[in-house]
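So in this note's numbering, the last one in the sequence shown is 251, and the numbering has no gaps at all.
Every residue gets a Cβ at the ideal spot worked out from N, C-alpha and C, and that includes glycine.
All values derive from a computational prediction rather than experimental measurement.
Working notes, beginning with the structure itself.
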Amino acid sequence: DITAKTITSGDILVGVLTALDDTVTLTAAGAINDDAADTTLDINVGAGIIDLNAGSGIGNTADLELTGSTISADSTSDKIDLNSFATATTGAVTVTSLSTDSANISFDQTGAEELTVNSATITTGAGAISITNDKTTTIDLATTTDGDISVSADSGDLTLTSLTAGGAGNISGTTTTSGDIFVGVLTAAASKVTLTSVGAINDDAADTTTDIAVSTGTITLVAASGIGNSQALELAGQRDRKSTRLNSSHV
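Here you go:
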């Protein structure tokens, strides 16, 4: 394992850390950043665990490139900006936690491996969440106090289990190349929920729970091969439903 820490004050600047099949744990009183603005793999842990904890940002001045099968990144304040390079060694990647206060979270993954995000949270203040992946993606929980939530999956399904965009925040979910969108509970009370799928858009379960809720905003659904065609969607709000196959839509 590799463990590094600053106490009372001080940032951690990362070059290349390697702990194959083991754990890298970084805890900074200040921020954690790349030691150079480059695309070199800064923390290469193979199929291991990456645990990042900071007081004032993670990748906020120079984004970090990570390779690991389990990742967490939590900051007391300031931006989180991470690039995940998944491989056949890491396999499917699980992000157990992404959190900060009054700032944005950005997590981008490549490598054609599945991604599951257990929790992504802006605890207070304004801040947006952006997550992208080039394979099947599942977001268990994402919450903002006042900011957008944007999630996209290329060449794979997208499951949005529980997303809440507070304040004037919008929610958007997109699949490209291939992939359906499966909806749990999406809430953007005063704003917009927009889902765009190259496949279908369906409820993730056979239930009567409201899947998409807006009070004064709008819901826009665009799909190539059906909306609610295998599991009906329950909506609460203004609707703008669109599909290339409206006769297979059940909303």
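From Gly147, Thr161, Thr176 and Thr96, residue whose alpha carbon lies closest to that of Ala153 | In this structure, Thr176 is the residue among Gly147, Thr161, Thr176 and Thr96 with its C-alpha nearest to the C-alpha of Ala153.
From Asp203 to Leu186, what does the alpha carbon distance come to, in whole angstroms?
-> If you take the alpha carbons of Asp203 and Leu186, they lie about 11 Å apart.
Work out the CA separation of Asp157 and Asp140 for me, nearest whole Å.
-> Distance between the alpha carbons of Asp140 and Asp157: 14 Å.
Is Asp63 near Asp101, with beta carbons less than 8 Å apart?
-> No, Cβ-Cβ distance for Asp63 and Asp101 is not below 8 Å.
Taking the runs of the beta strand (DSSP E) that are 3 residues or longer, which of them lie wholly in the segment 150-227?
-> Qualifying beta strand (DSSP E) stretches, in chain order: 158-165, 171-176, 181-187, 192-197, 201-203 and 212-223.
Taking 8 Å as the cut-off, decide whether the C-beta atoms of Gly217 and Ala190 are in contact.
-> The Cβ-Cβ distance between Gly217 and Ala190 falls below 8 Å.
Going by beta carbon distance, what residues of the same chain come within less than 7 Å of Thr8, once the five residues before and after it are set aside?
-> Cβ within range, chain order: Ala29.
What are the residues that DSSP puts in a beta bridge with Gln231?
-> Per DSSP, none; premise fails for Gln231.
Looking at C-alpha atoms only, which residue of Gly228, Gly147 and Glu234 is the closest neighbour of Ile212?
-> Minimum Cα distance to Ile212 is reached at Glu234.
Per DSSP, Ile58 forms a beta bridge with which residues?
-> DSSP, once it has assigned bridges, lists Ile32 and Ile80 as partnering Ile58.
Whole-angstrom C-beta distance between Ser72 and Gly91, which should lie under 8 Å | The pair is not a contact, with the Cβ atoms about 17 Å apart (cut-off 8 Å).
Mind checking whether Ala126 and Gly147 have CB atoms under 8 Å apart?
-> In contact: Ala126 and Gly147 (Cβ atoms closer than 8 Å).
So, are the CB atoms of Asn60 and Asp81 less than 8 Å apart?
-> In this structure, Asp81 lies closer than 8 Å to Asn60 by Cβ.
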